[in-house]
Every structure is written in C-alpha cells, then in structure tokens.
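Asks: Dropping the structure in here first, questions after.
Protein chains in written order, with my numbering: chain W, 1 to 820; chain F, 1 to 339.
Take a look at the structure:
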C-alpha cells in the first residue's frame, strides 16, 4: 500500500523523519518495500484560471483563454479531451514558456492561428502522477492565478508498505498512523469528523433477511452478506475537479484522480479504510437501497466500465427500491418471479466490489446517495475471485473492514462534499447489527510462557491499551476486548503477538528446546539416511547428480514410450508442462541432451514420479559415452559391462546384494533395447530395471550412440548383516564348461549350479564364454570356475560328490558338459 | 692371494662376475676353502696358527664380497628405478568425477546442522490434497492468504504442494509429540519463471512440538542454524509477519558476512508458533483415523526457508534457472575439478 509521508505526519505531528522510519516499519511487521521521493513540479508551472474555453473550428483543439496573474491574459491551444467546455474559473497547470520539462523547453508558438503560450499539462507530464488522460484541473479559487504549482504541491516521499493479509486495519492512513503511534508512543491526531446523525435519513435501506450457506463452506455458516449499512443523501453538488489537496493525496497514494465525487469516495477509503459507493440519486428509484442476493444463476450485470458479469444466488448485489412506495424487504420481492428485476428496480452494483452501469456518478451529477457498508468478507471474496474483479474496495473487504466504521465514513464523505458545496441531508439511515471482535481472556504468564520472554503484565496492559484494546482483569489476568478495527485479534496468541510486537521481536531471547522425543518418532530419519548414503556413494563412484523438472507432456511421454501422464495440470503454463512425469528416465534423457555431443554423461537422480499406480520415489541412473575417453593413451569404452559393473560396485558399497535377471519379450520395459534388458534384483527383491535405451527412443531424443539406463523404486530393500568368521581352510576348485542354447542366460546356468552346490560351494566365476562350430550352431559354451570351501581342508572325497551333483543337474536341464 | 682376490672382487662389474669370484675363492672348492682343507696335513703345532691366518684372509675376502654385492645390487636397483621413471604430469585416465547437485549440497549443510541438534529428517508427497496444503494449515478456501501462493491445480482436484508445510499435518497425524523434525522437498508455485522465480523449487521446513516450547526456543534454533551456516559471528533477527498456520508469526533474517567482506541481513524465511487451529485440525484427522487426540494444548514452533536463495548466495549463482537446466558446465562446477 502506498501513502505519502506528509499524510502520516499530519496524523502524527511528532513522526520522525522518513529516513528514520524504515526500522520502525520493519519492527511493526509492516516492512517498507520502497520509499519513492516524488519531486515538486518545476518552478515554471503555474496555476492559472480559465477565462474561456472555445473549440477551434476544423481542429480537435480547444482554445483556452487564461488569466495567468502577473503575466496577464494568455491563450493556449490544447488537445486534451477534458479541455473541451472547461467552465470559466477552473484552474489548470500551465507550463510557462522557457520552462524545461522532460528535456523539452516550451515556448510560445502559433498553433492553428492561436498563439499558444506554453502548455497545459497532465499529471504525468509534470511527473507528479500517473494519469495522462487529460490536463490537470482544479476548482475555481484554488489559488491566485500565477501561483507556482509547487507551492501547493510540494515534494513528498511515498512509502510503499507491505501489508500481510491479516492486517486489514492498516490499509489506510489512519490505520497505519494508529499502529505507528502505538509503537512509537506518540500522540495521534485523528481527523475531525462530526458524530453521525441519530435520526434516519430519506434513503431507505433493506438487508437480506434470508442467509445463504455457501456450497463449499465446511462450517455451513449461514451468511446474510451485510451486517451494517449507512446511507446518506447529499444534494446540490457541482461535479468537477476535486480540491487540489485531495487530488494530490489520491494520486500520491497511487490512484487516479477522476472527479470530485469519485475522488472523495476514494479519499475516504484511503483515509479511514472504509470503501464507499456513491450513486447518482436520479437513478436510485424509490430512494431505497436494497442489498440482495442474485435470484438465480446467470443474471447479467453491467458494471460502470461497461463490462458484463454473470452473477447468481451466492453473489451480493445492490439494487434500488424500484417504483414501489414501500421499501423492498426481501430478495424475492426485489426480483419479479420471472427473474427480472421488480418493475423499475435496477442493479446499482456488485456489493463491495464495483458499481453498476446504472447509477454511477457522471459529470452532471448533482445529488448523490452515499453507501457505506460492512459486507461479509467471504462472500465478497468468493464473488470477486469468480468474476476476476479485484478492486481496491474488495481488497479491503475480503481482509476485513472495521465493522463499526460505516456510519462514520458516510459522515466523512458527506462533510467533504459539504466543503465542496454540497448539502448533506440532516439524517442518516443506519441499519444492521454488526459483529464485533469478542473479548479474550488470558494471563500474563500464559503469554510469557509462549514467548519465552519476560514482559511484565503491566507493560502488556499498556501495549494493548495503546493499540485500542479495552483491558480489564486483576493481577496477572487479562480480559481484553480488541478495538473494532482489529478483526484479526481472536485468540490469546494474537494478543501475545501484539505484546511482543510492541515490545520488539528483537528482544526475544535465544534458547533451545529441550525435549525427549516420543517413541513413535524413533527411526523417522531412516529413509532420509538411506537416501543420503545412495547419493554420496553414487557421487563417489563418478555419477553426477541432477535435479530435473518433474513436469512432462503427453508428447514427451510418447517420445520416451513412458506411461502417459495421468496427473495433469488444470492450468498448464506451457505446452511442454501439461502433467507430471510417470518415469525418471525421460528427465535423465533430457539432462543428457544438455551435454555437448559425444561427451560422457554419467548421471543420477533421486526424484518422484507420478504414475497411475501413485506417487513414488525413484532412483535413476544414466551412462553415455566412454567411461574414460581416449587421450594419449587408450581409454575405457562405456559399454553395458562397464555400466553394470558400476552398478555392482554401487550395490556393494551400500552393502546390498545385486543381480540382474534377463528380461525377454513382453517383460522388457518399453524404454529398453529388447535384447539388453534386465530386472534389478536388490537384496533378493526385484526393484526395477537396467539395460540399454531403445535405439528408436534414442533417435527421438537426438542421442547418438549407446545410452544405458537403470531405474529403481525407493526405498530399496535393506538387509541385516550377520558376521561370519572367515574360514582359514584352503579352497578347492573345479572348472566346468556348460554348453547350452544361446537363449539360456548365464544367470540361469549359475542358478542351476548354485542350486546343486550345497553349502560347500563358495562362488561361481565365468572365465570363458564361447560360441562356435565346436559347440554346435545356436549353442554357447560358458566355462566357470567353481570354488568350494569348508571349515577344514576339503578332500576330493568331499568335493567330488558335490561337483558330480552339479554336473547331473546341468545335464538334467538338457545342457551338455564340454569335455577338454 | 688376498690382494689378488680383493682386486678381482673390485673388478667384478656384475653380480654374475662377482659370483664367479666368490666361487673361485670361497666356494666349496674355492682356493681359500682348499687351503683350509689342507690344514689337516700340517703338523698340529703349526695347524692352529696357519688356520687363524687363513681365516683372517677368508674374512677379508668375504667382507669385500659382501660390500661389493651390496654396491652392485644398489646400482642395479638404481638402474631399474631410473628405467621405470614416468612423466607424472601427464593426465591420468579421465575417469568420471561424480558430484552432488548444488541444492543437495546446501540441503546437506542444513540437514547436518539440524541432525546435530537432534532433528529427524523426513520427506513427503509432492502431489497433495487441498486439505493438507491449505485447510488443515488454517488457510480456509476463502482466505486471502491463498493469493500469496499461486497454485498448480490438478485436473483431479488435488494440487502440487505450494510449501512443505502439509508434511506438518501428515507427520503429526502419524506420530505423537514431543518431536523435532525437518522436512525437505520440492514445492511448486504457479508463476512465470525469471532470474529469481521458478515454478519448482526446494524448501526446508522445521517443526518442533512438545510441552512448553516457546518462541525464544524458535529464535535460538534459528540462531544456531545461522551460526552453522555462516560461522560464529552470524546472528538471527526476527520481525513480525504473518503465516496463517502460526501465531505469533515472524520473518527471520540472518546476518551474513560473505567472503568478499560485505555483510548484510539476508531475509531467509518465515517462522512462528504453531497455530492452535493446526493442532485442532490434526487431532480431527487423528480422531477420524481412530487415533487419540494428543495435540490440543501442546505448543510448538515451525519454520521454513527456500534453498535456492541460500545456494545462489553461497555459490554466487546469478539465475535460479541454472539449477534445473542441468548444463554440465554449471552443475559440474560443484565438485573438485579445477579450471
């Protein structure tokens, strides 16, 4: 929220200089996002009075005849749309000849036959506002003609305050000043606003008598939409430019100055935090304002900007009372049965969000009706979110406007309009029973214990009182009624925060929690520790960790032959991120693709995937290129055996048993080459797959040369280690060559040999793999060394029966033994 | 004979030649050995004196042999070593050097600090129920705080978690207090990416629940983290802020002196005392799952911080988009390779 420093200074006369305020705001939890120094307009810009405004025939220009004070009468030609028909006496900001503005020096020059003496400027041209829609205009009599504008529009500093969603109370100059004054313990000079009239006015108001339960509300709260409504009529206005001081404040606060009536409404919102709506009384049929829910889905409402919105039974609207003499009391009566408004009844606006096309203030508006109300924040937020209408008003309502403020704000608007020549009616209509913050009871000790900071109960009382609370209770007990504007103060912990805030968060001591964890938490870190070990081990083996985006698209999944993404984004930002990945390897392929062509990639990722079976964590490995490139000496080619060897080493280093089972046919994952695919068996359990990337996928990803992949589900199964005393007895060996069809894997052969090997068999190691005529077409010979070991030296009589049993088992499978 | 023998020993240029000299004089049928053998022929009164004389000669020859042998062996070894010399400045076999991602490194630093303080480390799902991500954390569907966290909604009504805080709920439903945990993981925000914003990033979240846990415990914990991250001179600062799932709530900053000698306050994250509505939501979920209500009346604190920012500051990485593009020239810098 933006506010000029000078405004706060007016409310707190002893406010320290702006340069000293940054820590103050930070300590209050209202950090300054920035401080902008807005310079005064340059000296050559004068306030001058319009004597006449005449259209220049055959052009879009207006000739303005001006009283410039000491320089006498001058003329200019202006192309500004609001120069047309400017009433005599209106004051404008004139850039006089010889003045340099934005690098341009203005002079006297003829324009279409008019000698144009300088230029009438917009706020933007003068560097004092955002608006470039027209020239600045001010009411007649703002200053003596020829007065430099900077005398009335001095330099200022605009504070940009970051306000968290709970602090609706500081979304105004008064609210911010209140918090600053409480913290700094300085006197607050509130604006002088007369008490609200006690008698009702001419405008009748009716509130919904039937509530709504919003369909998503788990509490099922019955909402009536509006619990406080003040209405006041002001007549005899002449709409035109707002007073200079008001325009200045509104534009320094970042809003556009429009006209007297709109600016007044905005000014009061900026000053007090209460949004108001002002209607042209000519359009308020029956002199009645009706707060009502939409009757049915699909009602169309046109707003004051001309945009149409679809509203329904959960949206709160403001209607006029129609032609009836009786005030309309119910929603049903506000609309005729066919869903049309009651005869002559009009929608004036979407409550608390935006005014309607009907009823809004215009240049010729003379009589207005002020609406100042407290609406249900949830209802309004709901409507505003659905319609995509975020206005300054609803921004405040959805965060929580002071529920008691409505009548006072209506008076403020009326009095400002009185000062501008209007006549407020004597009475003011106020209806509703607003909900105010509830009393909270606590003790000083409870607050001290939560904060862990010693603050005396007396100081707590004083702080809370400074913040506007009513504090009672004896001794250590605190009975606190928050002020109506602090709708965020609900529980005693909220009071603790306020007390700490005024005492200073910087004063919090530093201690450490001492606790003995409950037994249910023992071992909670197990998976995290296992993961850390995997990561460190892989990095130690030469794998580079990558972290990749978890998003994917149908196209990428299709290219990678992965499961199509089932977890899909409702609001994708880009076409390559429409869902969540179903496998890790496409991400690894993408990462490998980021490597220069031909360069080695040895990558791993631990990350989550989101297949139809549910979210799971995976480990993925990828190898491409040489393990070691050839340089002045031979390198090491990165083939399947190297990749598998690295994974074996990895498994060994983390203490897991590892095996690959050959996969064939339909069992081969779609990612893999059908002939180079295995199931990863980790500590005896199948956890994933390992193999060569399918060459067609490689082509899709633009990856030339072999790519090897592994993907496994986490957590990996662990195993208990049991110590075995190493046998000191020497080993015995037998060599055996098994001839089997080529479709029989080495793993199959080892399985048979181990199955028949009994306890004496220690290991099986291949030392020769051979295909050729000697072993028959379609066959393969695998020669293995069998190592046996027992508790003591083994004799042939002990080894031979085992060896023979293994030979028998091989033959029983229909395989042959190759004789030497 | 002695002089001749020593001359021959010293003249031997190889171990083989030396062996021949050795055999010639002190071998089984060597000259000295023969002399000793011939002692028996001498009269007993001469035998002793003559034997002693020959033994002196033999000892002298043996000593010369030993000395020469050792010298020849040393020379042979020197020659062998010289022949084996290689240029060690040639590069070794270019085997891969692995490495951890910079985010992992920063996480490891932080997690190490919290492990030392006795925190358990957990992770959790990234696709989350709206209830866990918002409602149970005291962010009802209508709450303006939802505007602070632009959400990736999923077609099935779930969402990509916008913070690691849903794990507060999940953990408390499954475990009883007291406990100290940190949660690490990816989170998602629906926002356009630029140098400082990513749709996917990482958070570390802490949660401590027990009896009598206070906000000063939270401050002390953050200060310990600051010292662990940035050294003994680091300090922590709290300023009031607002997160719906804590009350009171604060933003924390850490005073940091970087290696270039600059020092400043870094806004690192948010924290606060667990809001009673969060404990109530947890107990409601526990009750629905047939568990005891054990959280109401407890106190606790929570904190959360983004890791990318810490990594960017620590390593001087200028653009958050570097982290997940996985350019080897970028991520390869976070390991031992020089140049």
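Even for Gly, the Cβ is constructed at its ideal location relative to N, Cα and C.
#1: What are the partner residues of residue 783/W, as DSSP defines its beta bridges?
#2: Can you tell which of 172/F, 133/F, 16/F and 174/F has the C-alpha that lies nearest to the C-alpha of residue 157/F?
#3: Can a CB atom of chain W be found closer than 8 Å to the CB of residue 169/F?
#4: Kindly say whether residue 440/W, judged by its beta-carbon, lies nearer than 8 Å to any beta-carbon of chain F.
#5: Cβ closer than 7 Å: which chain F residues qualify as neighbours of residue 468/W?
#6: Here's a check: name, in chain order, each residue in its chain whose Cβ is nearer than 8 Å to the Cβ of residue 636/W, leaving out the five neighbours to either side.
#7: By how many angstroms is the C-alpha of residue 542/W removed from the C-alpha of residue 1/W?
#8: What does a CB cutoff of less than 6 Å around residue 302/W pick up in its chain, not counting 5 residues either side in sequence?
#9: Can you list the beta strand (DSSP E) stretches of 3 or more residues lying completely in the stretch 110-155 of chain W, in chain order?
#10: Given that residue 175/F touches chain W, what residues does it touch there, using C-beta distances under 8 Å?
#11: Do residue 291/W and residue 350/W have their CB atoms nearer than 8 Å?
#12: With a CB to CB cut of under 6 Å and the five nearest residues on each side skipped, what residues in its chain are close to residue 330/W?
#13: Under three-state DSSP, which class holds residue 258/W?
#14: Counting only Cβ pairs nearer than 7 Å, list the residues of chain F close to residue 654/W.
#15: Got a sec? Which residues, its chain only, sit under 8 Å from residue 138/F by beta carbon, not counting five neighbours each side?
#16: Are residue 99/F and residue 316/F close, meaning C-beta to C-beta below 8 Å?
#17: Are the C-beta atoms of residue 291/F and some chain W residue less than 8 Å apart?
#18: Residues bridged to residue 263/W by DSSP?
#19: Alpha helix (DSSP H) containing residue 460/W: first to last residue?
#20: Is the CB of residue 225/F under 8 Å away from at least one CB in chain W?
#21: With a cut-off of 8 Å on the beta carbons, I'd call residue 494/W and residue 444/W a contact; round off their distance for me.
#22: Does the stretch 255-275 of chain W come within contact of the stretch 163-174 of chain W, defined as at least 3 CB pairs closer than 8 Å?
#23: Please determine whether the Cβ atom of residue 312/F lies at a distance below 7 Å from any heavy atom of the ligand NAD.
#24: Are residue 240/F and residue 451/W touching if we call contact CB-CB under 8 Å?
#25: Under 8 Å, do residue 50/W and residue 90/W count as touching if we go by C-beta distance?
#26: Could you give the distance in angstroms between the alpha-carbon of residue 44/W and the alpha-carbon of residue 110/W?
#27: Would you kindly check if the distance between the Cβ of residue 524/W and the Cβ of residue 181/F is under 8 Å?
#28: Specify, as a first and last residue, the run of the alpha helix (DSSP H) that residue 15/F falls within.
#29: Can you tell me which of the three DSSP states residue 15/W falls into?
#30: Using a Cβ-Cβ cutoff of less than 6 Å, which residues in the same chain neighbour residue 166/F once the five nearest sequence positions on both sides are dropped?
#31: Express the C-alpha separation of residue 146/F and residue 392/W in angstroms, rounding to a whole number.
#32: What residue range is occupied by the uninterrupted alpha helix (DSSP H) comprising residue 640/W?
#33: Using a Cβ-Cβ cutoff of 8 Å, what residues of the stretch 482-494 of chain W are near chain F? List them in chain order.
#34: Would you say residue 677/W and residue 668/W are within 8 Å of each other, going by their C-beta atoms?
#35: Could you check whether the stretch 680-694 of chain W touches the stretch 644-662 of chain W, counting it as contact only if at least three pairs of C-beta atoms, one from each stretch, sit closer than 8 Å?
#36: Would you report the Cα separation of residue 339/W and residue 381/W, rounded to the nearest angstrom?
Replies: According to the data block:
#1: 737/W and 768/W
#2: 133/F
#3: no
#4: no
#5: By Cβ distance, chain F contributes nothing, its closest Cβ being about 17 Å from residue 468/W, past 7 Å.
#6: 626, 627, 628 and 642
#7: 53 Å
#8: 308 and 357
#9: 114-117
#10: 518, 520, 521 and 524
#11: no
#12: Its pLDDT being 44, under 50, residue 330/W is placed unreliably in this model, and the value from its coordinates should be taken loosely. Only 209 meet the Cβ criterion.
#13: coil
#14: Under the 7 Å cutoff, chain F gives no residues; its nearest Cβ is about 14 Å from residue 654/W.
#15: 244, 245, 275, 277, 278 and 281
#16: no
#17: no
#18: According to DSSP, residue 263/W bridges with nothing at all.
#19: 457-466
#20: no
#21: About 15 Å; that fails the 8 Å criterion.
#22: yes
#23: The ligand NAD is not among the ligands present in this structure, which contains no ligands whatsoever.
#24: no
#25: yes
#26: 20 Å
#27: yes
#28: 15-26
#29: coil
#30: 128, 132 and 133
#31: 18 Å
#32: 640-653
#33: 491, 493 and 494
#34: yes
#35: yes
#36: Any reading at residue 339/W is ruled out, since the residue's pLDDT is 39, under 50, leaving its predicted position unreliable.
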